[in-house]
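Residue numbers (UniProt numbering): 1 to 123.
Quick reminder that beta carbons are idealized off the backbone N, C-alpha and C, glycines included.
Since this is a predicted model, take the numbers as computed values, not measurements.
In what follows, a structure is listed as structure tokens, so that the remarks can point back to it.
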Amino acid sequence: MRLIGNIIWLILGGLALAAGWALVGVLLCLTVVGIPLGVQAFKMAKLTLSPFGKTVTYGGGLGSILANVIWVLLVGWWMAVGYVVAGLANIVTIIGIPFGIQSIKMAQLALMPFGSRVSKRLY
Numbered sequence: 001m002r003l004i005g006n007i008i009w010l011i012l013g014g015l016a017l018a019a020g021w022a023l024v025g026v027l028l029c030l031t032v033v034g035i036p037l038g039v040q041a042f043k044m045a046k047l048t049l050s051p052f053g054k055t056v057t058y059g060g061g062l063g064s065i066l067a068n069v070i071w072v073l074l075v076g077w078w079m080a081v082g083y084v085v086a087g088l089a090n091i092v093t094i095i096g097i098p099f100g101i102q103s104i105k106m107a108q109l110a111l112m113p114f115g116s117r118v119s120k121r122l123y
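Next comes the structure, spelled out in structure tokens:
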């Protein structure tokens, strides 16, 4: 089921979103100051390529908390709102519920990317 969900996700826009995140990551990494932000953009691209079967774990210390506060104030809040709106639009339809759940998962990562890890779900 994960494979089918990921294929449908990629066809319906996931590939374009992942390419956009990767491009933003490359542009941010061109400057020394933007490298930490670029790494977070690559993390979003990784999750966007195949959200089904992936889990996000949150952690980190004080540095991650401070970086997430700055991230939320600058860009995180509007990215998270965009993912939530897309998720709610998907959840309205019965067939879109799994895709809406994945959008909500990405909204959480878009809100707090520092100190988080994207990994394969074991079950």
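The beta carbon of C29 sits closer than 6 Å to the beta carbons of I35 and G38 from its chain, once the five residues preceding and following it are set aside; these are given in chain order. Here M112 is buried: its Cβ has 16 or more other Cβ atoms, across all protein chains shown, within 10 Å. Separation of the CB atoms of F52 and W9 is rounded to 7 Å, and the pair is thereby assigned contact status at 8 Å.
Put simply, the backbone Cα of I104 is about 6 Å away from that of G87.
A check of alpha carbon separations from M44 across G96, T55, W21 and G59 identifies W21 as the nearest.
DSSP places V26 inside the alpha helix (DSSP H), whose first and last residues are L15 to C29. In this chain, the beta strand (DSSP E) harbouring S116 covers S116 to K120. In this structure S119 is exposed. Its beta-carbon is surrounded by fewer than 16 other beta-carbon atoms within 10 angstroms. Shown here, T48 sits in a helix according to DSSP, grouped into three states. No Cβ-Cβ contact shorter than 7 Å links T55 with R2. Scanning G5, I97 and I94 for the CA closest to the CA of T48 turns up G5.
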